[in-house]
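Undergrad: Can you keep this structure in mind? I'll have questions shortly.
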Amino acid sequence: MTLNVETNDFSALTASRRSTRAFTDREIPAEVLDAILADATTAPSWSNTRAFRVALATGERAQCLREHYGRLFDEEIAAHARKAEDPDVEIPVPDGDFPVRKRYPDEVRPAQIEVAKLLYGIHGIERADIEGRNRVNRRNVTAFDAPVMGFVFVHEDMLPWSAMDAGLMLQTLFLSAKSRGIDSCPVGILATWREPVEAEFEIPEGYRFITGFALGYADPEAPINSMQAPRPPIPLLEGK
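So, in structure tokens, the structure goes:
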């Protein structure tokens with residue numbers, strides 16, 4: 001079946017999707033969420049294996065997760081503060097499946113620094129303001145209070161293909177959500193800790209936690225939602 005879809009319509013949709021970091025408390029209707037998930041099934045997959053799993057939390061479960069993540073974040077920040085006074089204090093070791101806090105390679109680090117300046121600049125936080133930066137980062141671990149918290153797991157024996165498939169699925173899901181007026185944000189920091197998600201969901205053996213995400217309706221009054229990160233062209237390699 002051939003669909004008559006204008007290219008500009010799709011371009012406008014993709015351009016309109018940006019990472020949202022402040023949501024209202026408006027719930028996403030169940031039938032709308034189901035339709036978004038149905039659209040996400042159209043994403044391509046390596047040998048159609050779809051070797052990923054998705055967990056969605058709403059309502060009380062999402063609130064429990066926000067509290068659990070917030071508690072772990074606060075405990076680690078407090079430990080760092082104590083260590084400044086006592087070098088023998090032990091810092092809690094995150095139990096995530098992947099090293100989320102790796103230093104960015106020098107080649108891509110300028111982009112990371114640029115977006116960090118934009119983010120903290122909107123909040124009026126200087127680089128030396130550790131307390132302010134922690135306050136902003138804590139918003140990440142609560143998925144910005146979005147009504148839907150999502151968690152993505154990939155099969156370890158299918159890496160890197162399972163991670164590729166998960167990324168394709170997520171972008172399809174995000175665009176489907178945007179077409180319905182629902183905003184999104186990938187929240188990689190959630191993968192720092194596996195403990196909170198383990199407490200709420202049965203995760204199959206062999207699946208590793210790779211990222212979280214947020215879905216909901218953007219708060220139009222929040223200054224952070226005016227942030228627009230640069231969108232440089234796709235870097236194409238030259239032939240020899």
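Using full-length UniProt numbering, the letters of the sequence shown correspond one by one to residues 1 to 240. Here a beta-carbon is modelled for each residue, glycine too, at the ideal position from N, C-alpha and C. For clarity, every value in this text was computed on a predicted model and none was experimentally measured.
Do you know whose CA, among GLU198, ALA218, LYS240 and MET149, lies nearest ALA22's CA?
TA: Translated into the one-based positions of the sequence shown, residue 22 becomes position 22. Of the listed residues, the one whose Cα sits closest to ALA22 is ALA218.
Undergrad: Exposed or buried, what is ASP183 when buried is set at 16 or more other beta-carbons lying within 10 Å of its beta-carbon?
TA: The residue labelled residue 183 in the question sits at position 183 within the sequence shown. That one is buried.
Undergrad: Assess, as a yes-or-no matter, whether the region 146-164 is touched by the region 48-57 under the definition of 3 or more beta carbon pairs within less than 8 Å.
TA: A contact exists between the region 48-57 and the region 146-164.
Undergrad: Which two residues bound the contiguous alpha helix (DSSP H) that contains ARG53?
TA: Your numbering for residue 53 matches position 53 in the sequence shown. Premise fails: ARG53 lies in the beta strand (DSSP E), 52-57, not in any alpha helix (DSSP H).
Undergrad: Answer yes or no: do PHE73 and VAL136 have a C-beta to C-beta separation smaller than 8 Å?
TA: Start at 1 with the first residue of the sequence shown, and residue 73 comes out as number 73. Start at 1 with the first residue of the sequence shown, and residue 136 comes out as number 136. The answer is no: Cβ separation not under 8 Å.
Undergrad: Please list the segments of the alpha helix (DSSP H) lying wholly inside the region 47-104, counting only runs of 4 or more residues, in order along the chain.
TA: Entirely contained in the region 47-104, the alpha helix (DSSP H) runs reaching 4 residues are, in chain order, 59-85.
Undergrad: Can you give me the start and stop residues for the beta strand (DSSP E) that ARG109 sits inside?
TA: On the sequence shown, position 109 is the one that residue 109 refers to. Run containing ARG109: none in the beta strand (DSSP E); it sits in the alpha helix (DSSP H), 109-122.
Undergrad: Fully enclosed by the region 197-228, which beta strand (DSSP E) runs are 3 residues long or longer?
TA: The qualifying runs are 207-216.
Undergrad: CB-CB under 7 Å to ALA146, same chain, minus the five flanking residues each way: which ones, in chain order?
TA: Numbered from 1 along the sequence shown, position 146 holds the residue referred to as residue 146. Here the set comprises PHE23, ALA214, LEU215 and GLY216.
Undergrad: Less than 6 Å between C-beta atoms, sequence neighbours within five positions excluded: which residues of the same chain meet that for MET1?
TA: Here residue 1 refers to the residue found at position 1 of the sequence shown. A caution first: MET1 carries a pLDDT of 44, below 50, which makes its placement in the model too unreliable to give a value.
Undergrad: Residues in its own chain within less than 6 Å of GLU27 by CB, not counting five upstream and five downstream?
TA: Counting from 1 along the sequence shown, the entry for residue 27 is found at position 27. Cβ neighbours of GLU27 beyond the five flanking positions: PRO147.
Undergrad: Contact defined as beta carbons within less than 8 Å: I believe ILE122 pairs with ILE224. What is the distance between those atoms, to the nearest angstrom?
TA: Along the sequence shown, read from residue 1 onward, the residue named residue 122 stands at position 122. Along the sequence shown, read from residue 1 onward, the residue named residue 224 stands at position 224. Between ILE224 and ILE122 the Cβ distance is about 5 Å, and since that is below 8 Å, they are a contact.
Undergrad: With DSSP collapsed to three states, give me the class of SER45.
TA: Residue mapping note: residue 45 aligns to position 45 of the sequence shown, counting from 1. Looking at SER45 - three-state DSSP - the assignment turns out to be coil, as it is neither helix nor strand.
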